[in-house]
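Structure record follows, encoded as structure tokens.
Numbering (the working numbering), first residue to last: 11 to 251.
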């Protein structure tokens, strides 16, 4: 089998989040949720030293995750579970994600200290990450409901980047939480600017249609959040405090 040839030290993955997400249908019977358990079975078959599984926070209370954790515990994996706020992990975005990290023949919560100590004391703002490169102080992010605000300042973390990006409607009415008046100068961020909020490097090459790119960017794990978790595992593996 291919895995015998490669013998990976780590497996990283995550099932599509739509069956758990507040933006999806939240129905574990739709089939994609089963991929979480299937991934756990692959990990058990290969038995890498580490694994990382990522999803939306709502997965934490799902039955399928409990089944996956039982499978992994039975083979000897110690588990660390953590909901991380990306804005405290080097990302200028309010985006919370659930991580399940396993280490073979280890105790539970083995990575807690490493994940906790490197988080910042306050959220990172868009301006702190990008400076004046956006050339705008305020921008529009299309809300799921007009009961929510849609205008944000660069001097705060961005809201969660989603796979939807629309211009501000001419009929938009100011929300009490908006960072400024909808004065005709407020624009949505471009597709590439949104990739910066996901902390993709500025020289990263994307391919596909605009709608494809919006979906890819919106569904991605922020690069700096992935790096944050990877560094925690590396520090543990190297014995750093």
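Ideal Cβ placement from N, Cα and C applies to all residues, glycine included. This structure is a prediction, so every number in the text was calculated from the model and none was measured.
Could you name the residues of the same chain whose beta carbon sits closer than 6 Å to that of residue i, not counting the 5 residues immediately before and after it, in chain order?
i	result
residue 199	149
residue 189	148, 161, 162, 163
residue 78	46, 47, 50
residue 176	152
residue 21	53, 58, 61
residue 110	63, 91
residue 36	Per-residue confidence for residue 36 stands at a pLDDT of 48, beneath the threshold of 50, marking its modelled position as unreliable; the derived number appears in the next sentence. Same-chain partners within the cutoff: there are none.
residue 216	223
residue 118	88, 89
On the DSSP letters alone, give me the boundaries of the alpha helix (DSSP H) that residue i sits inside.
i	result
residue 63	Segment 60-65 is the beta strand (DSSP E) holding residue 63; no alpha helix (DSSP H) there.
residue 204	201-207
residue 238	233-248
residue 131	No alpha helix (DSSP H) holds residue 131; DSSP gives it neither H nor E.
residue 122	122-127
residue 50	44-56
residue 216	Element bounds for residue 216: n/a, residue is neither H nor E.
residue 119	Per DSSP, residue 119 belongs to no alpha helix (DSSP H) and is neither H nor E.
Is residue i near residue j, with beta carbons less than 8 Å apart?
i	j	result
residue 107	residue 231	yes
residue 103	residue 54	no
residue 25	residue 45	yes
residue 236	residue 125	no
residue 101	residue 201	no
residue 328	residue 141	Nothing can be reported for residue 328, as the shown portion of the chain is limited to 11 through 251.
residue 207	residue 136	yes
residue 60	residue 23	no
residue 157	residue 130	no
residue 62	residue 196	no
residue 167	residue 134	yes
residue 159	residue 187	yes
Looking at the strands, I want to know which residues DSSP matches up with residue i.
i	result
residue 91	110
residue 23	63
residue 148	163
residue 197	149
residue 168	103
Where do the ends of the beta strand (DSSP E) carrying residue i lie?
i	result
residue 161	161-163
Between which residues of its own chain and residue i is the CB-CB distance below 8 Å, once the five residues before and five after are set aside?
i	result
residue 76	none
residue 214	205
residue 57	85, 114
residue 83	89
residue 96	103, 104, 105, 106, 107, 232, 234, 235
Quick one: what's got a C-beta closer than 7 Å to residue i's C-beta in the same chain, skipping five residues either side?
i	result
residue 184	191, 192
residue 229	173
residue 116	88
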